[in-house]
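Taken in sequence, the protein lines are chains A and B.
FYI, the working numbering numbers position 140 of the first sequence as 528, with every residue one higher than the one before it.
FYI, the working numbering numbers position 240 of the second sequence as 880, with every residue one higher than the one before it.
Heads up, the beta-carbon is just placed ideally off N, CA and C, and yes, glycines get one too.
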Amino acid sequence: MTSLLPPAQKNWWAVPVGRQEIIWIAIALVWCLIMFFMMPLWHMYGNQNIPTEAYKVTPAKYQAKVNEMIEKYKVREETAMKIPVVAPPDGADVYLLARLWQWYPMLELKKDVTYRLHLNSIDWNHGFSLQPVNINIQVVPGYEMVLNITPNKAGEYTIVCNEYCGIMHHAMLGKIWVKE
Amino acid sequence: MAQFRQCPDTGLFFHKEAENLMKANAVAGVVCLLIGGILALLVVLTRWPAIHLLPADSFYMVLTAHGVCALIFWMIFFEMAILYFAGSTLLRSRLATPRWAWAGFVMMVIGAVMTLAAIFGGKSSVMMTSYVPMRAEPHFYLGLVIFAVGALIGCFVYLGTLVVAKNEKTYEGSVPLVTFGATVACIIAIFTIASGAEILIPTYLWSIGYISHIDPAMYRLIWWAMGHSSQQINVAAHVAVWYLIAGVIFGARPMSEKVSRAAYLLYIFFLQLASAHHLLTDPGLSVEWKLFNTSYAMYLAVLASMIHGLTVPGAIEVAQRKKGLTNGAFEWLRKAPWGNPVFSSMFISLVGFGFLGGISGVVMGTEQISIIIHNTIYVPGHFHATVVIGTTMAWMGLTYLLIPVLFRRKMIFPQAAKMQPYIFALGMSMVAVFHMAAGTLGVARRHWDMGFAGNPLGFEYPATAYLLMGIAGVGGVIGVIGGALFCIIAVGSLVFGEKLQKEAGLLQSFGVPLADSAYTNEKPARLPMAPAEAVEADHGESGFEAPGTFILAMVLLVSFVIYYFINWKYLSEVWGIS
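Have a look at this one:
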């Protein structure tokens, strides 16, 4: 039962290590370094990186920006709740607001065009989960995050909330349409 | 005068006070596991789309309670028992300040009851993470704080015991590896609890109105310094339990004390950085911060786990080969005592933690890959592999070991006990794997209705996702059956098991010491160093001591590499984000 006893040698740290362990440690270390450098490499050559651009913002200010955008670019309304649908021009700043329990407004975007998507919650934490592409971003109240997004496929997309936000969390949906 | 008894079967010495504390903590832990398991069944049956058992409000309440009970209370109570075992029993030392340890235990019980009362009151369904500004009732936070302070006292009692053992020279040389590992767990626990205090005390003050605002991003950052680190206590402690069980069952000696201890040292330095895993898609954190922290500074804690993953089975292999099981690469493994639940629980814990929990954890903790996994049900899939198959199964194996040793009872239902680890592992592996698979299809975690019934916007996950969640549901039920079997065997043995020592009665199972006649005032003989062994001839092929283990390790590595790059491939197909 020697893992339960003090080491056999008083100077156990001076006992040489076996060849098998050294080889395994070397292999594992190389793999660890590969995994580490994959991340900065993806920043250089990959197309999916979370940017660091973010601003502190109050709910009132953010709501105002959202309303201003809706006024300018609204194209229609959807569902009985008359949720506005916004079709912003290419490359525009798009403001999406998360609140209990809705993503507001809905968006109509174009394929292969890059937009500056702003995300913020005006109450609790929410989770921006774009389906079926499966892009998942944490939405934290008080912080306006800016993502440069480029839809690469046309279709209808749903935003699910995947951060628990109270009793109607499971009913919190939003829509994005991507057109050719 | 400190009183000790010696276990006639294992030769371990138990200090009377420490023994009571171990029993009390272990029993409290199993009670929490039992509650957590019942809640798990309700969660599973609700997320199984075809059954969808609970209404939404009860589901979120039950899910909150399940997380707190299973992930915090069961783990930490049991860890206290392990600390007292590693400090007092393994070092043959009296426990330092047992009264303080009892005070800590009582606080933990009070805290646990208080928090659970808040949750079942129905107004604190905030999930274990309780992200502000969502508000729970004040005693939800207060209970957690009291529980944590109790656990902190236990940590200091353990450290005090190390000092006592050193001063009273109860052992020769350095502390045993298992005690070393427990000390690492203790250090990580202190960091964890300090972080918890730093965020939960202000949140408590906020909930009663003394603080007006808590920054939600800061909350997440500091909360996870507790939330993730508490799982790192489990890692450090369950690796120590692996070494312990390997030592007890096989007489295995560590392949190299230096390597194993150095790996533990890496845990102390780097493991807690992993709190960043939860913040990879949060606003405002710099790339450098994320890269350094999410990778545990270039994956040095992953390196440590990969080392333990080789040295634990390697030690077993060397011990088995010494007994003559030298045919081929795997005779040592084939002829291992698979019918002994102590061993099978431990070995499944090791393999499951590495292949399911470890690989998925590192992959999802990669900065960019988090985008396709964050907050999907992949995450619960991953951590049920680490904390249930990994930690809980290690604890179960240890419990099977301790029923005769600590409680002096014979285990009831030995045939059922033989099967239990396999049933539990099968169920929980299904939960882990199929939740992970459903997560890759985008299914959200902590979500009552994946069908979005009646929603005017309407959305349907692919049909496969429903199938996967259904299979995960079946797995969950099997897992709960396995868990229930464990609770029945463990508790049943304490109550109805045949006494191995006539002094052991019913009350002894619940903390009351054995009759005084079993103890003596005699100080145990000093714990000797492990016997030095002559340099052995190579047992395996090509100069490798443990060739079978090396093959297994390479299988792990290849799976790891393939799975890692598959996920980069998936990531590359989603919308551009920059």
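For Lys1139 (chain B): DSSP bridge partner residues: B:Arg1049
Here's a check: name, in chain order, each residue in its chain whose Cβ is nearer than 8 Å to the Cβ of Gly406 (chain A), leaving out the five neighbours to either side. none
Does chain A have any CB closer than 8 Å to the CB of His1014 (chain B)? yes
How far does the beta strand (DSSP E) with Thr538 (chain A) in it extend, from its first residue to its last? 531-538
Bridge-paired residues (DSSP) for Thr1016 (chain B): B:Ala1084
Residues of chain A with CB under 7 Å from Arg1221 (chain B), in chain order? Nothing in the structure corresponds to residue 1221 (chain B), since chain B is present only between 641 and 1218.
Cβ closer than 7 Å: which chain B residues qualify as neighbours of Tyr531 (chain A)? Ala857, Pro923, Gly924
Mapping the DSSP letters down to three states, classify Asp481 (chain A) as helix, strand or coil. strand
Cross-chain neighbours of Arg860 (chain B) in chain C, by beta carbon under 9 Å: No chain C appears in this structure, whose protein chains are A and B.
Compare the C-beta of Asn437 (chain A) against all C-beta atoms of chain B and say whether one is closer than 8 Å. yes
So which of A:Asn513, A:Ile411, A:Ile564, A:Asp478 has the shortest CA-CA distance to Leu492 (chain A)? Residue 492 (chain A) is actually Tyr in this sequence, not Leu. The shortest Cα separation from Tyr492 (chain A) among A:Asn513, A:Ile411, A:Ile564, A:Asp478 belongs to A:Ile564.
Kindly indicate which three-state DSSP category Gly1001 (chain B) falls into: helix, strand or coil? helix
Any chain B beta carbon closer than 8 Å to Gly406 (chain A): yes
Endpoints, alpha helix (DSSP H) assigned at Arg734 (chain B): No alpha helix (DSSP H) holds Arg734 (chain B); DSSP gives it neither H nor E.
Would you mind reading off the limits of the alpha helix (DSSP H) that contains Val804 (chain B)? 778-807
Glu777 (chain B) versus B:Gly790, B:Ile759, B:Ser989, residue with shortest Cα-Cα distance: B:Ile759
Would you report the Cα separation of Lys499 (chain A) and Tyr461 (chain A), rounded to the nearest angstrom? 18 Å
Identify whether Met457 (chain A) lies in helix, strand or coil by the three-state DSSP scheme. helix
Please state if the CB of Phe745 (chain B) and the CB of Leu799 (chain B) are separated by a distance shorter than 8 Å. no
Under three-state DSSP, which class holds Lys975 (chain B)? coil
In whole angstroms, give me the CA-to-CA distance for Tyr1210 (chain B) and Gln519 (chain A). 14 Å
Which residues of the stretch 867-900 of chain B have a Cβ closer than 7 Å to any Cβ of chain A? Give them in chain order. Tyr883, Leu884, Ala886, Gly887, Val888, Gly891, Ala892, Arg893, Pro894, Met895, Ser896, Glu897, Lys898, Val899
Just to confirm the assignment: which complete beta strand (DSSP E) runs, minimum length 3, are found wholly within the stretch 497-528 of chain A? 503-509, 514-519, 523-527
His918 (chain B) - DSSP class collapsed to helix/strand/coil: helix
Which of the three DSSP states, helix, strand or coil, is assigned to Cys549 (chain A)? strand
Cβ neighbour criterion (16 or more within 10 Å) applied to Trp929 (chain B): exposed
Can you name the residues of chain B whose CB is closer than 7 Å to the CB of Lys567 (chain A)? Result: empty, since nearest Cβ-Cβ is about 14 Å, beyond 7 Å.
Based on Cα-Cα distance, which residue from B:His853, B:Thr810, B:Met1033, B:Lys975 lies nearest to Leu571 (chain A)? No statement about residue 571 (chain A) is possible, as the shown extent of chain A runs from 389 to 568 and does not include it.
Buried or exposed by the 16-neighbour rule on C-beta atoms within 10 Å, applied to Asp649 (chain B): exposed
Is the shortest distance between the beta-carbon of Gly1188 (chain B) and the beta-carbons of chain A less than 8 Å? no
Mind listing which residues of the stretch 1101-1112 of chain B have their C-beta closer than 9 Å to chain A's C-betas, in chain order? Tyr1101, Pro1102
For His853 (chain B), which of helix, strand or coil comes out of DSSP? coil
Is the shortest distance between the beta-carbon of Asn455 (chain A) and the beta-carbons of chain B less than 8 Å? no
List the residues of chain A that Ala696 (chain B) touches, going by C-beta distances under 7 Å, in chain order. Ile555, His558
Simplified DSSP assignment, three categories, for Ile564 (chain A): strand
Would you say Val418 (chain A) reaches chain B, if we count a Cβ-Cβ gap shorter than 8 Å as a contact? no
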